[in-house]
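Let me begin by presenting the structure, written as structure tokens, before commenting on it.
Residue numbers (the working numbering): 3 to 304.
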């Protein structure tokens, strides 16, 4: 929706053209049609027709009527506003009457009036969204104690999804005192197949940890995730530090239908003292069924 700017100011015009070009490019890169709503003549919508890329369709306001008129078309406009050669392949919607009252079926509505000769969607290219299972919170050990958080060693807060997330102070690799904090994500999957697994790494600031008399802020660069699936156990070390409210890809794994697969993470890392984040885990189906040759595809961060 681009209107109410100074069409006589060249700098303003070029800024508007640049915005429309960028908008159009990004929308088209997502395999969608880019549309533009603007005034037809003041300034003329034709100035966006020579952009590379140009919008796929236009919806323009040319108020030449007071109310509904079945004889109006999308074509009877001055060529200086919209030449016949531009957007002439069912790419136009015209708003020919501004806000007014109309009564249909005994109901009076305040509406605009439009005539359409635009792009019609079909279902030929519709792709069903992938099957996704999200485990919002893991099973914690020791369990989080709301009455005495210091007893469990977990700090609880709310993540970007509005769900509980947890931090644990890192513990040295191989350490046993205090008892190791760990979490397990165990999804219930609808089908057997290859599943992409991603961990949500929430954003968090510095945490005062009075239980341990420590102040910790950074996340670990050495989170050790173990995925248990049809191919056994696969462990990878992941850098969580750069992520803020982002999904960290652990890899693609073959998992059976039901709740037999799981992801394990504990607080033992090589770069203590830091935090280790525990939040949601996402499982996205990539291929249904078991591959003839089982393949483990870890995600490599460069």
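No residue lacks a Cβ here, since even glycine has one placed at the ideal position from N, Cα and C. Since the model is a prediction, treat every value here as computed from it, not as a measurement.
C-alpha distance - residue i paired with residue j, whole-angstrom precision
i	j	result
residue 235	residue 216	34 angstroms
residue 287	residue 162	23 angstroms
residue 54	residue 19	10 angstroms
residue 189	residue 32	30 angstroms
residue 98	residue 199	51 angstroms
residue 185	residue 157	13 angstroms
residue 6	residue 108	35 angstroms
residue 1	residue 150	The structure shown has nothing for residue 1, since the chain only spans 3 to 304.
residue 227	residue 84	59 angstroms
CB contact flag (residue i, residue j, <8 angstroms)
i	j	result
residue 292	residue 256	yes
residue 259	residue 175	no
residue 36	residue 3	no
residue 142	residue 159	no
residue 95	residue 61	yes
residue 166	residue 139	yes
residue 197	residue 254	yes
residue 22	residue 38	yes
Contacting residues, own chain, Cβ-Cβ under 7 angstroms from residue i (five flanking each side not counted)
i	result
residue 88	48, 51
residue 10	none
residue 27	55
Nonlocal neighbours in the same chain, by C-beta distance under 8 angstroms from residue i, ignoring five residues either side
i	result
residue 273	172, 222, 223, 224
residue 275	171, 172, 216, 218
residue 220	243, 276, 277
residue 133	192, 193, 286, 287
Buried/exposed call for residue i, threshold 16 Cβ in 10 Å
i	result
residue 279	buried
residue 281	buried
residue 204	buried
residue 90	exposed
residue 297	Interpretation of residue 297 is limited by its pLDDT of 48, a score under 50 that renders its predicted location unreliable; the figure taken from the coordinates is listed afterwards. Residue 297 is exposed by the Cβ-count criterion.
residue 304	Only weak support exists for where residue 304 lies, its pLDDT of 47 falling under 50; the coordinates are left without a value.
residue 44	exposed
residue 237	exposed
residue 154	buried
Just checking, does the stretch 238-248 make contact with the stretch 95-113 on the three C-beta pairs under 8 angstroms criterion? Short answer: they don't touch.
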